[in-house]
Amino acid sequence: MVLNNAGESKQQLSLKKKPAWLRAKVPGGPGYTRLKSILSENKVYTVCEEANCPNMGECWSRGVATIMILGDTCTRSCGLCNVKTGRPAMLDKDEPSRVAESLHLMWQGAGLKHIVITSVNRDELSDGGAGIWAETIIRSREACPGMSIEVLIPDFEGNWPALQMVIDAKPHIINHNLETVRRMYPAVRPSAKFDRSVELLRRVKEQGGVAKTGIMVGIGEKDEEVLALMDEVQNGARTKKASGIGRQASGEQENTEDSADILTIGQYLQPTRNHLPIDRWVTPEQFVFFKEQGLARGFKVVESGALVRSSYHADHQADVLSEVGAERAKHAAR
Numbered sequence: 008m009v010l011n012n013a014g015e016s017k018q019q020l021s022l023k024k025k026p027a028w029l030r031a032k033v034p035g036g037p038g039y040t041r042l043k044s045i046l047s048e049n050k051v052y053t054v055c056e057e058a059n060c061p062n063m064g065e066c067w068s069r070g071v072a073t074i075m076i077l078g079d080t081c082t083r084s085c086g087l088c089n090v091k092t093g094r095p096a097m098l099d100k101d102e103p104s105r106v107a108e109s110l111h112l113m114w115q116g117a118g119l120k121h122i123v124i125t126s127v128n129r130d131e132l133s134d135g136g137a138g139i140w141a142e143t144i145i146r147s148r149e150a151c152p153g154m155s156i157e158v159l160i161p162d163f164e165g166n167w168p169a170l171q172m173v174i175d176a177k178p179h180i181i182n183h184n185l186e187t188v189r190r191m192y193p194a195v196r197p198s199a200k201f202d203r204s205v206e207l208l209r210r211v212k213e214q215g216g217v218a219k220t221g222i223m224v225g226i227g228e229k230d231e232e233v234l235a236l237m238d239e240v241q242n243g244a245r246t247k248k249a250s251g252i253g254r255q256a257s258g259e260q261e262n263t264e265d266s267a268d269i270l271t272i273g274q275y276l277q278p279t280r281n282h283l284p285i286d287r288w289v290t291p292e293q294f295v296f297f298k299e300q301g302l303a304r305g306f307k308v309v310e311s312g313a314l315v316r317s318s319y320h321a322d323h324q325a326d327v328l329s330e331v332g333a334e335r336a337k338h339a340a341r
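Residue numbers for the sequence shown follow our numbering, so the first one is 8 and each next one is one higher.
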């Protein structure tokens, strides 16, 4: 009943037929082909391929890719995620150096411009894997000067010193997805807490970082709950502006209030019959409305559309909101 807002109609667990506006382009083009070749030769596995992302062709041709660290087994079981759940393998302490080497190959040989690094939850670790996160960011920045780095991180169970390790490593964008509205958390993110996730975004903003979050719609939320989420994020993450990893390229120094920067909204697609069912197909017009409302509520960038995922146009977001443009220019001048 939590998932179904359709009145008296019965919940259908069968996979629903996709509407016409959810058709993605077939991947192709020289940039895509070049990056795919390097990935295959060096056995680098991306979330883009594993999740069969509908934007893979467009992102790869732009020099944007997403990789996962800390293994392939998650300690949590979220209702919308297809990553396997269980007890993860032993921590691989050599992973940061290998990731940096792989990214260097893609950066140098295929023009990789922006990397999104994500991970499973590692709640069995005292720091939630934050140490590996920090070292991976630092080594990747050293290996690929001028490449923007976005991290899509877990909540570390509210371990704020662990979060601080990630912030101190200075990625260009710190993303933590809320995934859904507050009411849906027991079904969608049973091991997470809505307010804890908002607090994470606030702490990123407090230190001058670029804070990003995203949700999927069509799981059972109502439109007014999506708007309420926007307000809760903006109010909960609001803090004083500070110079730091996310200071805008314009160099603004005024001491004014600021809040979460980026919001992505996409259509939930049921991975298997064992996952949460799709409640509705959100129309293109409704996605436009969500974007307008997000911008009106203070988000600097809102990507809203049926096929939008966390990494969609992520390179542009880094260019606009972080200092990576100056870093790229400095590297190009060498």
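Beta carbons are placed, not taken as given, at the ideal position from N, Cα and C, and that holds for glycine.
- With the rule of 3 Cβ pairs closer than 8 Å, the segment 177–190 counts as touching the segment 203–219.
- Note that the segment 114–126 touches the segment 150–160; at least 3 beta-carbon pairs, one per stretch, sit closer than 8 Å.
- Taken atom to atom, the span from the alpha-carbon of residue 330 to that of residue 281 is near 43 Å.
- Looking at the backbone, the Cα of residue 242 and that of residue 341 are separated by about 43 Å.
- Counting every other CB atom within 10 Å of its CB across the protein chains shown gives residue 161 a total of 16 or more, marking it as buried.
- Judged by DSSP secondary structure, residue 155 falls outside any alpha helix (DSSP H) and instead within the beta strand (DSSP E) spanning 155–159.
- Take residue 301, set aside five residues on each side of it, and the residues of its chain with a beta-carbon closer than 6 Å to its own are 237, 270 and 309, in chain order.
- With respect to the 8 Å criterion, residue 208 and residue 137 are not classified as neighbours on the basis of their beta carbons.
- When DSSP states are grouped into helix, strand and coil, residue 228 belongs to the coil group.
- With a contact defined as Cβ atoms closer than 8 Å, residue 127 and residue 318 miss out at about 17 Å.
- Here the C-alpha atom of residue 148 lies approximately 17 Å from the C-alpha atom of residue 321.
- Excluding its 5 nearest sequence neighbours in each direction, residue 224 has C-beta neighbours in its own chain below 7 Å: 233, 272, 274, 275 and 289, listed in chain order.
- Boundaries for residue 75: no alpha helix (DSSP H) harbours it, while the beta strand (DSSP E) harbouring it runs 71–76, taken from the DSSP string.
- Burial check for residue 107: the Cβ neighbour count within 10 Å reaches 16 or more, so the residue is buried.
- Within the same chain, and ignoring the five residues on either side of residue 125 in sequence, the residues whose Cβ sits closer than 7 Å to its Cβ are 54, 73, 75 and 159.
- In this structure, the alpha-carbon of residue 328 lies about 26 Å from that of residue 165.
- Non-local C-beta neighbours of residue 311 in its own chain, meaning closer than 6 Å and more than five positions away in sequence, comprise 272, 294, 297 and 298, ordered along the chain.
- 8 Å or more divides the Cβ of residue 195 from the Cβ of residue 239.
- If you draw a straight line from the Cα of residue 323 to the Cα of residue 193, it is about 34 Å long.
- 150 is the residue among 150, 170, 135 and 291 whose C-alpha sits nearest the C-alpha of residue 114.
- Residue 141 is positioned such that its CB atom lies closer than 8 Å to that of residue 176.
- Straight through space, the alpha carbons of residue 103 and residue 146 are spaced by roughly 7 Å.
- The secondary-structure analysis by DSSP pairs residue 311 across a beta bridge with 272.
- Just measuring C-alpha positions, the residue of 335, 82, 77 and 189 sitting nearest residue 230 is 189.
- Across the set 94, 24 and 313, the C-alpha of 94 shows the shortest separation from the C-alpha of residue 77.
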